[in-house]
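Peer 1:
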Amino acid sequence: MPGRPWLVLPTFNEAENLDLVVDAARRTLASAAPDGFRILVVDDDSPDGTGAIADRLAADHPGEVEVLHRTERTGLGPAYLAGFAHALAGGAGYVFEMDADLSHDPADLARLLAAVRDGADVALGSRYVAGGGVADWGATRRWVSRTGSWYARRALGLEVRDLTGGFKCFRADVLRAIDLPTVRSHGYAFQVELTYRALLRGFRVVEVPIVFRDRERGTSKMSWRIAVEAAWLVPQLRRGVAHLRQPIARAQDAKPPDRIHTA
Ligand SMILES: Nc1nc2c(ncn2[C@@H]2O[C@H](COP(=O)(O)OP(=O)(O)OP(=O)(O)O)[C@@H](O)[C@H]2O)c(=O)[nH]1
Ligand SMILES: [Mg+2]
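In our numbering, the protein residues as written are 11 to 273.
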């Protein structure tokens with residue numbers, strides 16, 4: 011039997027959102043995963059006291075909520091990598107990524123988990139497939155996001171429509187097979203890179219429609235620096251992850267070859 015689902019929730023200054031997000035996620039996961047789940051908050055020493063709120067939630071919900079405190083803010087990618095390592099060491103069977111600002115609806119965790127339980131290796135919450143969308147962005151932000159996904163798709167030769175989203179569910183084996191210690195990207199490029207690595211390994215990636223909402227509380231950490239990093243790094247990914255192109259059957263954590271999916 012696969013292990014439990016772990017939700018990795020990176021936070022930087024999410025004091026106004028964390029209680030709401032964790033509450034909603036607990037409710038969804040309690041019914042989608044009645045055998046147990048874990049919510050791991052990964053906080054980078056947020057100056058607004060998010061870490062203390064996370065500690066209180068962990069004390070109130072032992073066995074369900076846990077906190078990983080990091081002393082330095084090094085970006086979303088490194089925070090996720092630390093969270094993944096912790097989740098895998100803790101026996102996770104499935105690992106979710108989700109923003110902690112309610113842009114991703116915690117109720118959708120159930121659909122992502124169902125997609126993976128139904129045979130996907132990775133389920134991506136997707137704004138750019140039928141039924142998905144963005145609720146309240148202006149024209150510029152929509153254009154930047156769509157162009158970013160288009161650019162990454164073209165640069166890497168992939169079919170996935172929403173490559174930059176950060177609402178995902180991985181089978182734990184996928185995270186073990188994609189050589190996480192060599193991941194270098196931080197922002198949007200991090201999301202592109204993980205999906206690309208999974209596809210190169212032959213894993214089955216499916217898109218699950220989601221509606222993305224703008225945060226109502228707290229401030230965005232999206233910056234031009236992150237967008238520029240993505241534009242610069244994505245074309246280099248082809249070379250950077252070439253070592254993952256080996257047939258999955260020979261990979262250390264290989265699955266049986268009959269499950270190979272060609273992207
Ligand atoms: N631990 C950690 N979390 C981060 C860091 N940067 C962003 N986050 C969290 O990652 C999630 C996504 O960040 P957002 O600020 O919402 O960035 P975004 O979604 O690209 O931008 P908006 O759509 O404008 O909100 C949120 O839960 C943030 O709190 C970081 O450096 N460290
Ligand atoms: Mg956000």
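Note that the Cβ used here is the ideal one computed from N, Cα and C, for glycine as well. Given the structure is predicted, the values throughout are model-derived calculations rather than measurements.
Can you list, in chain order, the residues of its chain whose CB lies under 6 angstroms from that of phenylalanine 180, leaving out five sequence neighbours each side?
Peer 2: Position 170 of the sequence shown, counted from the start, is the residue given in the question as residue 180. Cβ neighbours of phenylalanine 180 within its own chain (closer than 6 angstroms, five residues either side excluded): Val105, Val132.
Peer 1: Among all residues, which have a Cβ less than 5 angstroms from at least one non-hydrogen atom of ligand 2, and in what chain order do they fall?
Peer 2: Asp109, Asp111, Ser113
Peer 1: Give every residue of the same chain whose Cβ lies closer than 7 angstroms to the Cβ of alanine 3, excluding the five residues on either side of it in the sequence, and list them in chain order.
Peer 2: Past the edges of the chain, shown from 11 to 273, lies residue 3, and the structure says nothing about it.
Peer 1: Taking 8 angstroms as the cut-off, decide whether the C-beta atoms of isoleucine 188 and alanine 162 are in contact.
Peer 2: Residue numbering aside, residue 188 sits at position 178 when the sequence shown is read from its first letter. Residue numbering aside, residue 162 sits at position 152 when the sequence shown is read from its first letter. The answer is no: Cβ separation not under 8 angstroms.
Peer 1: Could you please give me the residues that DSSP links to glutamate 217 through a beta bridge?
Peer 2: Here the question's residue 217 lines up with position 207 in the sequence shown. Glutamate 217 pairs with Leu134.
Peer 1: Can at least three beta-carbon pairs, one atom from the segment 227-237 and one from the segment 133-149, be found at a separation below 8 angstroms?
Peer 2: no
Peer 1: Here's the rule: buried if 16 or more other CB atoms are within 10 angstroms of the residue's CB, otherwise exposed. What is tryptophan 242?
Peer 2: Working through the sequence shown from its first residue, we reach residue 242 at position 232. Tryptophan 242 should be labelled exposed.
Peer 1: With DSSP as the reference, identify every bridge partner of lysine 178, one or two as the case may be.
Peer 2: Translated into positions along the sequence shown, residue 178 becomes position 168. Its beta-bridge partners are Glu107, Leu134.
Peer 1: Counting C-beta neighbours from all protein chains within 10 Å, is the total for proline 1 16 or more, i.e. buried, or is it exposed?
Peer 2: This structure cannot speak to residue 1, because the chain is shown only from 11 to 273.
Peer 1: Could you give the first and the last residue of the continuous alpha helix (DSSP H) run that contains leucine 243?
Peer 2: Within the sequence shown, residue 243 is the residue found at index 233, counting from 1. Residues 234-250.
Peer 1: I'd like to know whether the C-beta atoms of glutamate 76 and arginine 48 end up nearer to each other than 8 angstroms.
Peer 2: If you number the sequence shown from 1, residue 76 lands on position 66. If you number the sequence shown from 1, residue 48 lands on position 38. For glutamate 76 and arginine 48, yes; Cβs fall inside 8 angstroms.
Peer 1: Should lysine 231 be counted as a contact of ligand 3 given a C-beta to heavy atom distance under 7 angstroms?
Peer 2: Of the ligands this structure carries, namely ligand 1 and ligand 2, none is ligand 3.
Peer 1: Along the chain, where does the alpha helix (DSSP H) containing proline 88 start, and where does it finish?
Peer 2: Here residue 88 refers to the residue found at position 78 of the sequence shown. Note, proline 88: alpha helix (DSSP H), 86-99.
Peer 1: Compare the Cα-Cα distances from leucine 98 to each of Gly143, Gly142, Arg36, Val184 and report the closest residue.
Peer 2: Translated into the one-based positions of the sequence shown, residue 98 becomes position 88. Here the closest residue by C-alpha is Val184.
Peer 1: Compute the Euclidean distance between the alpha carbons of leucine 119 and threonine 38, then round it to the nearest angstrom.
Peer 2: The residue labelled residue 119 in the question sits at position 109 within the sequence shown. The residue labelled residue 38 in the question sits at position 28 within the sequence shown. Rounded to the nearest angstrom, the two C-alpha atoms are 7 angstroms apart.
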